[in-house]
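Protein chains: 2
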Amino acid sequence: MKLEVQIKMNDTLYLRDPEQSELGKNIIKHSIQLIQKNGFESFTFKKLAEAIGTTEAGVYRYFENKHKLLVYIISWYWGWLEFQIEYQTKNIQDPIVKLKQVITLLSTTIEDDLMTSHVDESLLHQILIAEGSKSYLTKHVGEDNKLQYFKPYKDLCNTIGGIILECNANYKYPHSLASTIIEVAHLQNFFMHNLPALTDFDKTRQEDQIIDFLNHLVFSSIQK
Amino acid sequence: MKLEVQIKMNDTLYLRDPEQSELGKNIIKHSIQLIQKNGFESFTFKKLAEAIGTTEAGVYRYFENKHKLLVYIISWYWGWLEFQIEYQTKNIQDPIVKLKQVITLLSTTIEDDLMTSHVDESLLHQILIAEGSKSYLTKHVGEDNKLQYFKPYKDLCNTIGGIILECNANYKYPHSLASTIIEVAHLQNFFMHNLPALTDFDKTRQEDQIIDFLNHLVFSSIQK
DNA sequence: TAACAAATAATAGTATTACTATCATTTGTA
DNA sequence: TACAAATGATAGTAATACTATTATTTGTTA
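From first to last, the protein sequence lines are chains A and B. Here the first sequence stands for residues 1 to 224, numbered as in my numbering. Here the second sequence stands for residues 225 to 448, numbered as in my numbering.
Quick look at the structure:
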């Protein structure tokens, strides 16, 4: 028996549910590969169709446009991360240990977990680092927000904000700190690899330093 | 007599120096207006040319493509901010007061300062918040970096990193903290206005809360 | 197993974008 | 006045981001 994790998705993101067919799963799988490899700007439905062996029109039957597809896979990732956090912290009592575990999960590229056959989580993590902010840095963020496209991200922020409050119930900015942790984990990773002068990290010790930087930042500010 | 501040620009960013002609200055001025108004994605050289009253080809004589134009105006902003920081902190002895002043400058939309007639700094600040990260979140960030496109940003990080070290010479991550302050100031501003559930701010008190959040974050971590 | 709908494939077509090229005209300066 | 540099006007191309139509395959159900 094979365990499969299903992440519940907002059904206004797609025209036809990609989880429900082979073609749909291929669209997700190859989108992740192509966006990670060539970046979101050069990603087109035509190239995607060629990679899968279908036609452009075939892809358009699943997603209205490439932006919604990006939001879809990013939402998927937030949902998956929420599940990971729940799973990996459920037996931890101490909220400080819990929050440290969350920081580690956010900063580390996790191996493809095989519970979601058509999604490679490590590629998705790379996409989040390089393209994540493009999902909301648009002029239509307001409408997208009304359609609940960012609910998984907000839920994650709430979860992390809750753990922050467990550590210190008087901390004033739990949501801002949560979104800061998430974004800074990704940004410092991008800078370390691409614009290292904006960091103090060397590539040899990799993500450990980002975790140390974030732990120091977060715990000095909530324990003060 | 009119005082004019000149920001020194990397001359591989343009084909013809936009500071040296009326058309060039118009390109900068209207780019800033159009990008701020409609976002970078929907910004085209054709629309820009129409706004100015010139032709597409006319714009292409100044900039190879819209990405380089974006990098140009963003570099200009970093250079201008560096100047502002220098100017507004030069008589401050206490590095803590200095760093607080920097955080305020980064978090606040400053009035158009009239010393740079063709650039509206408050619009530019808005562009930085919504489009700033798009200047480096590309697949060609490596080549762009080799061409020194991000030098003004790095210089700014070094300046701020230096002030951080003045506050605490033993702090391990001055550059990462500097880039974090810059990015978080912009991100939290964007979230406050567009995805408020990711913050703890209400729009009435505006930027004060971002400043308070950042001050708390930064000073607890460097004074610990 | 025929019959039917749903999904997919194949093909074509459109408006817009991101350019490049050419040539005529204006403008600033030696 | 004359000459080069900058600008304006126009045209053209390949790629992108779609939409539409029709044919074919596949899966289900009477």
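Every residue, glycine too, gets a C-beta built ideally from N, C-alpha and C.
Legend entry - Among B:Phe267, B:Ile406, B:Ile252, B:Asn418, the one whose alpha carbon lies nearest that of B:Thr332: Looking up residue 332 of chain B in the second sequence gives position 108. The option with the nearest alpha carbon to B:Thr332 is B:Ile406.
Inset, instruction - Go ahead and label B:Leu239 buried or exposed: buried means 16 or more other beta carbons lie within 10 angstroms of its beta carbon, across all protein chains shown. - result: In the second sequence, residue 239 of chain B corresponds to position 15, counting from 1. Under this definition B:Leu239 is an exposed residue.
Inset, instruction - Put B:Asp235 into one of helix, strand or coil per three-state DSSP. - result: For the purposes of this step, residue 235 of chain B is taken as the residue at position 11 of the second sequence. In this structure, B:Asp235 counts as coil in the three-state DSSP scheme.
Inset, instruction - Please name the residue, chosen from B:Ile256, B:Gly282, B:Tyr286, B:Leu258, that lies closest to B:Asp235 on a Cα-to-Cα basis. - result: Within the second sequence, numbered from 1, the residue matching residue 235 of chain B stands at position 11. Ranking the options by Cα distance to B:Asp235, first place goes to B:Tyr286.
Legend entry - Cβ contact check for the stretch 238 to 255 of chain B and the stretch 212 to 223 of chain A: 3 or more pairs under 8 angstroms: In short, these stretches do not touch, since the Cβ pair count stays below three.
Inset, instruction - Measure the C-alpha to C-alpha separation of B:Lys324 and B:Asn439 and round it to an integer number of angstroms. - result: Stepping through the second sequence from its first residue, residue 324 of chain B is reached at position 100. Stepping through the second sequence from its first residue, residue 439 of chain B is reached at position 215. B:Lys324 and B:Asn439: Cα-Cα distance of roughly 7 angstroms.
Legend entry - Reduced DSSP secondary structure (H/G/I, E/B, other) of A:Gln148: Taking the first sequence and counting its residues from 1, one reaches residue 148 of chain A at position 148. Coil, per DSSP.
Legend entry - Contact under 8 angstroms by Cβ, B:Tyr284 with A:Leu195: For this step, residue 284 of chain B is matched to residue 60 along the second sequence. For this step, residue 195 of chain A is matched to residue 195 along the first sequence. With respect to A:Leu195, B:Tyr284 sits apart: the two C-beta atoms are not nearer than 8 angstroms.
Inset, instruction - Label A:Asn26 either buried or exposed according to how many other C-beta atoms from any shown protein chain fall within 10 Å of its C-beta, with 16 as the threshold for buried. - result: Walking along the first sequence from the start, residue 26 of chain A turns up at place 26. It is buried - the Cβ of A:Asn26 has at least 16 other Cβ atoms within 10 Å.
Inset, instruction - May I ask you to verify whether the stretch 357 to 373 of chain B touches the stretch 293 to 312 of chain B, counting CB pairs closer than 8 angstroms and requiring at least 3? - result: Verdict: yes, contact present.
Legend entry - Pairwise C-alpha distance: A:Phe45 and B:Ser299: Position 75 of the second sequence, counted from the start, is the residue given in the question as residue 299 of chain B. Position 45 of the first sequence, counted from the start, is the residue given in the question as residue 45 of chain A. Using only the alpha carbons, I get a separation of about 33 angstroms.
Inset, instruction - List the whole-angstrom C-beta distance separating A:Ile127 from A:Trp80, where the pair is believed to meet the contact cut-off of C-beta under 8 angstroms. - result: Mapped onto the first sequence, residue 127 of chain A falls at position 127. Mapped onto the first sequence, residue 80 of chain A falls at position 80. About 13 angstroms separates the two Cβ atoms, so there is no contact after all.
Inset, instruction - Could you round the C-beta distance between A:Ile28 and A:Pro18 to whole angstroms and report it? I think they count as a contact, below 8 angstroms. - result: Along the first sequence, read from residue 1 onward, the residue named residue 28 of chain A stands at position 28. Along the first sequence, read from residue 1 onward, the residue named residue 18 of chain A stands at position 18. That belief holds up - the Cβ atoms of A:Ile28 and A:Pro18 are roughly 5 angstroms apart, short of 8 angstroms.
Legend entry - Contact set between the stretch 113 to 142 of chain A and chain B, restricted to residues whose Cβ is under 8 angstroms from the partner: Hits within the stretch, in order: Ala130, Glu131, Ser133, Lys134, Tyr136, Leu137, Thr138, Lys139, Val141, Gly142.
Legend entry - chain A contact residues for B:Thr423, given Cβ-Cβ distances below 8 angstroms: On the second sequence, residue 423 of chain B is found 199 positions in, with the first residue counted as 1. The answer, in chain order, is Tyr173, His175, Ser176, Ser179.
Legend entry - chain B within 8 angstroms of A:Cys167, Cβ atoms only: On the first sequence, residue 167 of chain A is found 167 positions in, with the first residue counted as 1. So, not an interface residue.
Inset, instruction - Could you please tell me which residues of the stretch 261 to 289 of chain B, in chain order, have their CB closer than 8 angstroms to any CB of chain A? - result: Contact residues of the stretch 261 to 289 of chain B toward chain A are Asn262, Gly263, Glu265, Ser266 (C-beta to C-beta distance below 8 angstroms).
Legend entry - Within-8 angstroms CB hit, A:Leu187 to chain B: The count along the first sequence starts at 1 and reaches residue 187 of chain A at position 187. Cβ-Cβ to chain B under 8 angstroms: yes for A:Leu187.
Legend entry - Cβ-Cβ distance between A:Ile210 and A:Asn189 below 8 angstroms: Start at 1 with the first residue of the first sequence, and residue 210 of chain A comes out as number 210. Start at 1 with the first residue of the first sequence, and residue 189 of chain A comes out as number 189. With respect to the 8 angstroms criterion, A:Ile210 and A:Asn189 are classified as neighbours on the basis of their beta carbons.
Legend entry - Within chain A, the residues that B:Asn369 reaches when beta carbons sit closer than 8 angstroms: Here residue 369 of chain B refers to the residue found at position 145 when the second sequence is read from its first residue. By Cβ distance, chain A contributes Asn194, Leu195.
Inset, instruction - Going by CA-CA distance only, name the one from A:Pro95, A:Leu13, A:Leu198 that's closest to B:Ser403. - result: In the second sequence, counting from the first residue as 1, residue 403 of chain B sits at position 179. The candidate whose alpha carbon is nearest that of B:Ser403 is A:Leu198.
Inset, instruction - Please confirm if A:Ser107 has its CB atom under 8 angstroms from at least one CB of chain B. - result: Stepping through the first sequence from its first residue, residue 107 of chain A is reached at position 107. For A:Ser107, the nearest beta carbon of chain B is not closer than 8 angstroms to its own beta carbon.
Inset, instruction - Pick out whichever of A:Asn91, A:Leu187, A:Tyr153 has its Cα sitting closest to the Cα of A:Ile129. - result: Numbered from its first residue, the first sequence carries residue 129 of chain A at position 129. The shortest Cα separation from A:Ile129 among A:Asn91, A:Leu187, A:Tyr153 belongs to A:Leu187.
Inset, instruction - Taking only beta-carbon positions, decide if A:Ser220 is within less than 8 angstroms of chain B. - result: Here residue 220 of chain A refers to the residue found at position 220 of the first sequence. With respect to chain B, the C-beta atom of A:Ser220 has a partner C-beta closer than 8 angstroms.
Legend entry - Contained alpha helix (DSSP H) runs [length at least 4] in the stretch 380 to 448 of chain B, N- to C-terminal order: Within the stretch 380 to 448 of chain B, the complete alpha helix (DSSP H) segments at least 4 residues long are 398 to 418, 431 to 447, listed from N- to C-terminus.
Legend entry - DSSP three-state assignment for B:Met225, whether helix, strand or coil: In the second sequence, counting from the first residue as 1, residue 225 of chain B sits at position 1. Because the pLDDT at B:Met225 is just 45, under 50, the model does not fix this residue reliably, and the value given afterwards should be weighed accordingly. Three-state result, B:Met225: coil.
Inset, instruction - Spatial neighbours of A:Glu64 within its chain, please: CB distance less than 7 angstroms, with the 5 preceding and 5 following residues excluded, ordered by chain position. - result: Taking the first residue of the first sequence as position 1, residue 64 of chain A is located at position 64. Within the same chain, A:Glu64 has close Cβ partners Leu15.
Inset, instruction - Using beta-carbon positions only, say whether A:Glu82 and A:Pro152 come within less than 8 angstroms of one another. - result: Taking the first residue of the first sequence as position 1, residue 82 of chain A is located at position 82. Taking the first residue of the first sequence as position 1, residue 152 of chain A is located at position 152. Yes.
Inset, instruction - Just the chain B side, please: which residues come within less than 7 angstroms of A:His30 by C-beta, in chain order? - result: Counting from one through the first sequence, the residue named residue 30 of chain A turns up at place 30. Those do not exist, as A:His30 stays about 18 angstroms from chain B at its closest Cβ, beyond 7 angstroms.
Legend entry - Whole-angstrom distance between B:Ala409 and B:Gln308, CA atom to CA atom: If you number the second sequence from 1, residue 308 of chain B lands on position 84. If you number the second sequence from 1, residue 409 of chain B lands on position 185. One C-alpha to the other measures close to 17 angstroms.
Inset, instruction - Report all residues from its chain with a CB closer than 8 angstroms to the CB of A:Ile35; omit the five preceding and five following residues, and keep chain order. - result: Here residue 35 of chain A refers to the residue found at position 35 of the first sequence. Here the set comprises Phe43, Leu70, Ile73, Ile127, Glu131.
Legend entry - Proximal chain B residues relative to A:Glu82, where beta-carbon distance stays under 9 angstroms: Along the first sequence, one-based indexing puts residue 82 of chain A at 82. Chain order gives no chain B residues near A:Glu82, where near means a beta carbon separation below 9 angstroms; the closest approach is about 15 angstroms.
Legend entry - Member of B:Glu280, B:Thr313, B:Gly366 whose CA lies at the smallest distance from the CA of B:Leu329: Within the second sequence, numbered from 1, the residue matching residue 329 of chain B stands at position 105. Ranking B:Glu280, B:Thr313, B:Gly366 by Cα distance to B:Leu329 puts B:Thr313 first.
Inset, instruction - Within its chain, find whatever has a CB closer than 7 angstroms to the CB of B:Ala273; leave out the 5 residues flanking it on each side and keep chain order. - result: Here residue 273 of chain B refers to the residue found at position 49 of the second sequence. Thr279, Glu280, Gly282, Val283, listed in sequence order.
Legend entry - Whole-Å CB distance - A:Val102 paired with A:Ile163, under 8 angstroms assumed: Here residue 102 of chain A refers to the residue found at position 102 of the first sequence. Here residue 163 of chain A refers to the residue found at position 163 of the first sequence. 6 angstroms between Cβ atoms; contact.
Legend entry - Nearest-angstrom Cα separation, counted from B:Lys290 out to B:Leu275: Within the second sequence, the letter at position 51 stands for residue 275 of chain B. Within the second sequence, the letter at position 66 stands for residue 290 of chain B. Correcting the residue identity first, residue 275 of chain B is Ala in this sequence and not Leu. The straight-line gap from Cα to Cα measures roughly 15 angstroms.
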